[in-house]
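Before any comments, here is the structure.
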Amino acid sequence: MVLVVALVAAAGGAWWFFVRGGSGGGPDTEAARDYDAGVRAVGAAQVAWQVEQGPSPEAIPVEDHWVTEKHLVRRLPGRVVAYDLKTGETAWELPLDGVAVDRCQSSQEHSANRVALLRDVDGTDSFSCTRLTVIDIAAGKEVFTIDLPSDESRASDVAVVPVVFGERVVVSSERVYDINSGAGLTTPLAEGECEVRKAALFGAVLLADSECTVGERGRTKDVTRLRAFDAGLRLLWEWTPPPGEDGEPAPVLGVLSLDPLVVEVGHSGHSAQLLRVDVPAGKAVQVKEYAGGRGEFMAACDGYVLGRCDSATVVDGKVLLMTSPAQVNPSDPEASPGMRNTEFRNELVAFDLNTGEESWRTGRVAGRALSLVPAAGEVVAYQPANPNGTNAILFSVDPATGKLAPLLPIGPDAHADERLGRSLHAFNFGGDNHKALWRDGLFVVFGAAHRPGTAGRVETVAFALPK
Numbered sequence: 063m064v065l066v067v068a069l070v071a072a073a074g075g076a077w078w079f080f081v082r083g084g085s086g087g088g089p090d091t092e093a094a095r096d097y098d099a100g101v102r103a104v105g106a107a108q109v110a111w112q113v114e115q116g117p118s119p120e121a122i123p124v125e126d127h128w129v130t131e132k133h134l135v136r137r138l139p140g141r142v143v144a145y146d147l148k149t150g151e152t153a154w155e156l157p158l159d160g161v162a163v164d165r166c167q168s169s170q171e172h173s174a175n176r177v178a179l180l181r182d183v184d185g186t187d188s189f190s191c192t193r194l195t196v197i198d199i200a201a202g203k204e205v206f207t208i209d210l211p212s213d214e215s216r217a218s219d220v221a222v223v224p225v226v227f228g229e230r231v232v233v234s235s236e237r238v239y240d241i242n243s244g245a246g247l248t249t250p251l252a253e254g255e256c257e258v259r260k261a262a263l264f265g266a267v268l269l270a271d272s273e274c275t276v277g278e279r280g281r282t283k284d285v286t287r288l289r290a291f292d293a294g295l296r297l298l299w300e301w302t303p304p305p306g307e308d309g310e311p312a313p314v315l316g317v318l319s320l321d322p323l324v325v326e327v328g329h330s331g332h333s334a335q336l337l338r339v340d341v342p343a344g345k346a347v348q349v350k351e352y353a354g355g356r357g358e359f360m361a362a363c364d365g366y367v368l369g370r371c372d373s374a375t376v377v378d379g380k381v382l383l384m385t386s387p388a389q390v391n392p393s394d395p396e397a398s399p400g401m402r403n404t405e406f407r408n409e410l411v412a413f414d415l416n417t418g419e420e421s422w423r424t425g426r427v428a429g430r431a432l433s434l435v436p437a438a439g440e441v442v443a444y445q446p447a448n449p450n451g452t453n454a455i456l457f458s459v460d461p462a463t464g465k466l467a468p469l470l471p472i473g474p475d476a477h478a479d480e481r482l483g484r485s486l487h488a489f490n491f492g493g494d495n496h497k498a499l500w501r502d503g504l505f506v507v508f509g510a511a512h513r514p515g516t517a518g519r520v521e522t523v524a525f526a527l528p529k
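This is the structure:
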């Protein structure tokens with residue numbers, strides 16, 4: 063419940079965070095000059111398509127989504143919807159019967175176009191996520207729905223995220239099901255003294271953040287272990303995080319990559335460490351330690367979903383982090399000439415995974431905030447529209463040097479459309495007000511929370527350069 067409230071609060075808070083003060087007059091800043099140069103170099107992007115928000119029973123997070131060759135598929139209140147990536151038209155819509163408010167989790171990945179949804183069965187404050195539905199998102203058809211055993215275990219908790227893995231759906235240590243029929247399967251995950259708290263898929267390897275009981279009878283204790291399983295759910299290796307301040311292994315907040323293995327450990331909201339782990343050697347190199355809350359760097363992972371680490375990325379032997387936005391007021395010494403509204407600035411910083419040494423910084427410049435955008439095979443960052451008048455632009459980031467190259471400047475016509483303001487000012491796609499993706503020349507931004515009062519507003523928008 064805390065997670066849900068935080069997500070919804072963050073969604074509203076982030077919008078106010080970046081647009082309070084309204085539109086400015088556009089002072090001459092480095093960010094503005096980079097935008098102008100980007101338009102001259104590649105052109106100005108236009109709105110390719112847009113979708114309005116549908117009805118919502120109350121404020122509810124709507125982050126779960128999947129991308130196929132043709133569609134952006136989203137889990138929305140009471141339904142799963144597929145939008146054509148080229149046109150934005152609804153390709154199919156699958157209603158989800160049951161309670162009106164469902165905060166249960168979905169698989170973050172799909173296997174052969176199959177996704178798994180945990181669902182609420184009674185709509186009470188207990189959030190009993192004991193219904194499992196598997197959907198074929200290529201066909202827009204339900205494969206099966208089953209009711210899971212109702213007990214007091216974490217398997218029915220709202221924080222549990224199912225994983226689709228080959229021909230299996232993994233819900234918990236004891237609950238693994240055939241992805242085609244829903245038949246229960248015996249699993250090595252339930253063997254031994256370890257319980258899976260959260261899991262995520264990395265290629266052909268399932269990583270499980272586990273709590274394991276060690277020691278002899280009468281002198282046992284629970285420790286954290288990260289365990290890896292192959293497609294047959296056979297244990298490949300396990301790793302115990304180094305002790306934290308309390309002497310016990312630090313909790314695993316998230317895994318940024320498998321090869322190399324980069325893990326964020328610590329306590330959510332407090333200090334955290336990024337570790338480069340060599341499992342065979344039993345060694346872990348601290349790449350970076352940073353404070354939680356208002357520290358210099360934003361947390362890499364959300365701390366809830368093991369593989370959701372969208373505020374950082376690992377590439378070419380480096381980890382790229384986002385610094386926390388710093389507030390700059392018009393009266394501050396670093397304010398730009400002619401600046402009229404409060405703005406926020408940050409930058410990207412890269413660290414070497416083997417040494418922990420800083421490799422480069424993009425530099426914090428007037429008029430610019432930078433947010434990483436999920437993109438396969440490249441590093442992409444978004445500069446949102448600035449309250450002092452600088453327009454939004456998508457950059458390609460050179461992982462070797464940190465140099466920014468224009469990828470998709472959002473054109474002036476889009477900025478003149480007040481309905482698109484929330485998307486143009488969106489920031490922190492790793493767990494804040496919006497989600498985004500970059501695919502084949504298309505930049506899509508969509509809201510991560512729905513409210514009854516925002517129904518009918520433009521909620522999803524795709525930008526592309528004119529053909």
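The opening residue of the sequence shown carries number 63 in the working numbering; numbering runs sequentially from there. Even for Gly, the Cβ is constructed at its ideal location relative to N, Cα and C. Keep in mind that this is a model prediction, so the values were computed, not measured.
Problem set entry | Integer Cβ distance of leucine 432 from asparagine 408, believed to fall under 8 Å | As a working note, residue 432 is residue 370 in the sequence shown. As a working note, residue 408 is residue 346 in the sequence shown. About 6 Å separates the beta carbon of leucine 432 from that of asparagine 408, a gap short enough to meet the 8 Å contact definition.
For this session: Could you please give me the residues that DSSP links to histidine 512 through a beta bridge?
Result: Stepping through the sequence shown from its first residue, residue 512 is reached at position 450. Note: histidine 512 sits in a beta bridge opposite Ile122.
Exercise. Are the Cβ atoms of proline 304 and alanine 312 separated by less than 8 Å?
Worked result: Indexing the sequence shown from 1 puts residue 304 at position 242. Indexing the sequence shown from 1 puts residue 312 at position 250. Yes, the Cβ-Cβ distance between proline 304 and alanine 312 is below 8 Å.
Exercise. Going along the chain, which residues of its own chain have a beta-carbon closer than 8 Å to the beta-carbon of lysine 380, five neighbours each way excluded?
Worked result: As a position in the sequence shown, residue 380 is number 318, starting the count at 1. Ala412, Phe413, Asp414, Leu415, Ser421 and Pro461.
Exercise. When you compare each of Leu318, Gly369, Ser168 and Asp182 to valine 161 by their alpha carbons, which one comes out closest?
Worked result: Counting from one through the sequence shown, the residue named residue 161 turns up at place 99. Minimum Cα distance to valine 161 is reached at Asp182.
Problem set entry | Bridge partners - glutamate 92, DSSP secondary structure assignment | What you label residue 92 is simply residue 30 of the sequence shown in a count that begins at 1. DSSP lists no partner for glutamate 92.
Problem set entry | alanine 217 (DSSP reduced to helix, strand or coil) | Numbered from its first residue, the sequence shown carries residue 217 at position 155. Below a pLDDT of 50, predicted positions are generally treated as unreliable, and alanine 217, at 49, falls in that range; no measurement from the model is reported.
Exercise. Per the contact definition of three or more C-beta pairs closer than 8 Å, is the region 431-451 in contact with the region 494-513?
Worked result: Yes, the region 494-513 touches the region 431-451.
Exercise. What are the partner residues of isoleucine 241, as DSSP defines its beta bridges?
Worked result: Here the question's residue 241 lines up with position 179 in the sequence shown. When DSSP reads this structure, isoleucine 241 sits in no beta bridge, so it has no partner.
Problem set entry | Buried versus exposed, by CB contacts within 10 Å (16 or more), tryptophan 128 | Working through the sequence shown from its first residue, we reach residue 128 at position 66. Around the beta carbon of tryptophan 128, a 10 Å sphere encloses 16 or more other beta carbons of the protein chains shown; the residue is thus reported as buried.
For this session: Please report the residue range of the beta strand (DSSP E) in which glycine 316 lies.
Result: Along the sequence shown, one-based indexing puts residue 316 at 254. It spans 314-319 - the beta strand (DSSP E) in which glycine 316 sits, taken as one unbroken run.
Problem set entry | DSSP three-state assignment for histidine 477, whether helix, strand or coil | Position 415 of the sequence shown, counted from the first residue, corresponds to residue 477. In this structure, histidine 477 counts as helix in the three-state DSSP scheme.
Exercise. According to DSSP, is glycine 86 helix, strand or coil?
Worked result: Along the sequence shown, one-based indexing puts residue 86 at 24. For glycine 86, the predicted structure reports a pLDDT of 34, less than 50, and the residue's modelled location is therefore unreliable. A value from the coordinates is still provided. DSSP, reduced to helix, strand and coil, places glycine 86 outside both helices and strands of the structure shown, so it counts as coil.
Exercise. Straight-line CA distance for glycine 365 to arginine 287?
Worked result: Translated into positions along the sequence shown, residue 365 becomes position 303. Translated into positions along the sequence shown, residue 287 becomes position 225. The C-alpha of glycine 365 lies about 16 Å from the C-alpha of arginine 287.
Exercise. Of all the options Leu527, His512 and Pro528, which has the alpha carbon lying nearest to the alpha carbon of glycine 116?
Worked result: Position 54 of the sequence shown holds residue 116. Checking every option, the nearest Cα to that of glycine 116 belongs to His512.
Exercise. How big is the Cα-Cα spacing for glycine 518 and phenylalanine 505?
Worked result: Taking the first residue of the sequence shown as position 1, residue 518 is located at position 456. Taking the first residue of the sequence shown as position 1, residue 505 is located at position 443. Approximately 22 Å, taken between the alpha carbons.
Exercise. Are the Cβ atoms of leucine 368 and glycine 105 separated by less than 8 Å?
Worked result: Residue mapping note: residue 368 aligns to position 306 of the sequence shown, counting from 1. Residue mapping note: residue 105 aligns to position 43 of the sequence shown, counting from 1. Contact flag unset, no.
Exercise. Shorter than 8 Å from the beta carbon of glycine 244 to some beta carbon of chain C?
Worked result: Absence of chain C from the displayed structure is noted, only one protein chain being present.
Exercise. Of the choices Leu434, Gly451 and Asp98, whose alpha-carbon is the least far from that of alanine 443?
Worked result: For the purposes of this step, residue 443 is taken as the residue at position 381 of the sequence shown. The shortest C-alpha separation from alanine 443 is found at Leu434.
Exercise. According to the Cβ coordinates, are aspartate 475 and glutamine 108 closer than 8 Å?
Worked result: Position 413 of the sequence shown, counted from the start, is the residue given in the question as residue 475. Position 46 of the sequence shown, counted from the start, is the residue given in the question as residue 108. Yes. Within cutoff.
Exercise. Does the region 483-490 come within contact of the region 117-125, defined as at least 3 CB pairs closer than 8 Å?
Worked result: No, the region 483-490 is not in contact with the region 117-125.
For this session: Provide the residue span of the alpha helix (DSSP H) that contains serine 485, from first to last.
Result: Along the sequence shown, read from residue 1 onward, the residue named residue 485 stands at position 423. Note, serine 485: alpha helix (DSSP H), 483-486.
For this session: Check each candidate in Phe227, Thr249, Gly294 and Cys256 and name the one with the smallest Cα separation from asparagine 242.
Result: Working through the sequence shown from its first residue, we reach residue 242 at position 180. That would be Phe227, whose Cα lies nearest to the Cα of asparagine 242.
For this session: Check whether the Cβ atoms of valine 459 and glutamate 114 sit closer than 8 Å, and answer yes or no.
Result: By one-based count along the sequence shown, residue 459 stands at place 397. By one-based count along the sequence shown, residue 114 stands at place 52. In this structure, glutamate 114 does not lie closer than 8 Å to valine 459 by Cβ.
For this session: Put aspartate 414 into one of helix, strand or coil per three-state DSSP.
Result: In the sequence shown, the residue the question calls residue 414 occupies position 352. If DSSP states are grouped into helix, strand and coil, aspartate 414 belongs with the strands.
Problem set entry | Cβ neighbours of aspartate 284 in the same chain (closer than 6 Å, five flanking residues each side left out) | Position 222 of the sequence shown, counting from 1, holds the residue named residue 284. If we look at aspartate 284 and ignore the five residues flanking it on each side, its Cβ neighbours are Glu273 and Thr275.
Problem set entry | Sequence ranges, beta strand (DSSP E) only - wholly within the region 274-309, length at least 3 | Listed in chain order, the complete beta strand (DSSP E) runs (minimum 3 residues) inside the region 274-309 are 283-291 and 297-301.
Problem set entry | Minimum C-alpha distance to glutamine 389 - residue among Ser398, Ala362 and Arg370 | Your numbering for residue 389 matches position 327 in the sequence shown. Minimum Cα distance to glutamine 389 is reached at Ser398.
Exercise. According to DSSP, is phenylalanine 79 helix, strand or coil?
Worked result: Taking the sequence shown and counting its residues from 1, the one referred to as residue 79 is at position 17. Since pLDDT at phenylalanine 79 reaches only 39, below the 50 mark, its modelled position is unreliable, and no value is offered.
For this session: Using beta-carbon positions only, say whether valine 222 and serine 235 come within less than 8 Å of one another.
Result: Sequence index remark: in the sequence shown, residue 222 carries index 160 (1-based). Sequence index remark: in the sequence shown, residue 235 carries index 173 (1-based). Taking 8 Å as the Cβ cut-off, valine 222 and serine 235 do not qualify as a contacting pair.
Exercise. Just the Cα atoms here: how many angstroms apart are phenylalanine 525 and isoleucine 455?
Worked result: By one-based count along the sequence shown, residue 525 stands at place 463. By one-based count along the sequence shown, residue 455 stands at place 393. Whole-angstrom Cα-Cα distance: 11 Å.
Problem set entry | Close-in-space but distant-in-sequence residues of the same chain around valine 523 (CB under 7 Å, 5 per side omitted) | In the sequence shown, residue 523 corresponds to position 461, counting from 1. Take valine 523, set aside five residues on each side of it, and the residues of its chain with a beta-carbon closer than 7 Å to its own are Val109, Gln112, Leu482, Ser485 and Val507, in chain order.
For this session: Could you check if proline 449 is buried or exposed, using at least 16 other CB atoms within 10 Å of its CB as the buried criterion?
Result: Here residue 449 is taken as the residue at index 387 of the sequence shown, counted from 1. Classification for proline 449: buried.
For this session: Please go through the same chain and pick out, in chain order, the residues whose beta-carbon is closer than 6 Å to the beta-carbon of threonine 207, but skip the five residues on each side of it.
Result: Against the sequence shown, residue 207 aligns to sequence position 145. So the list reads Thr195, once near-sequence residues are dropped.
Problem set entry | Whether leucine 263 touches glutamate 171 by CB criterion (8 Å) | As a working note, residue 263 is residue 201 in the sequence shown. As a working note, residue 171 is residue 109 in the sequence shown. In this structure, glutamate 171 lies closer than 8 Å to leucine 263 by Cβ.
Problem set entry | 8 Å CB neighbourhood of serine 386 in its chain, flanking five on each side removed | Position 324 of the sequence shown holds residue 386. Closer than 8 Å at Cβ, skipping near neighbours: Arg356, Gly357, Glu358, Phe359, Met360 and Asn408.
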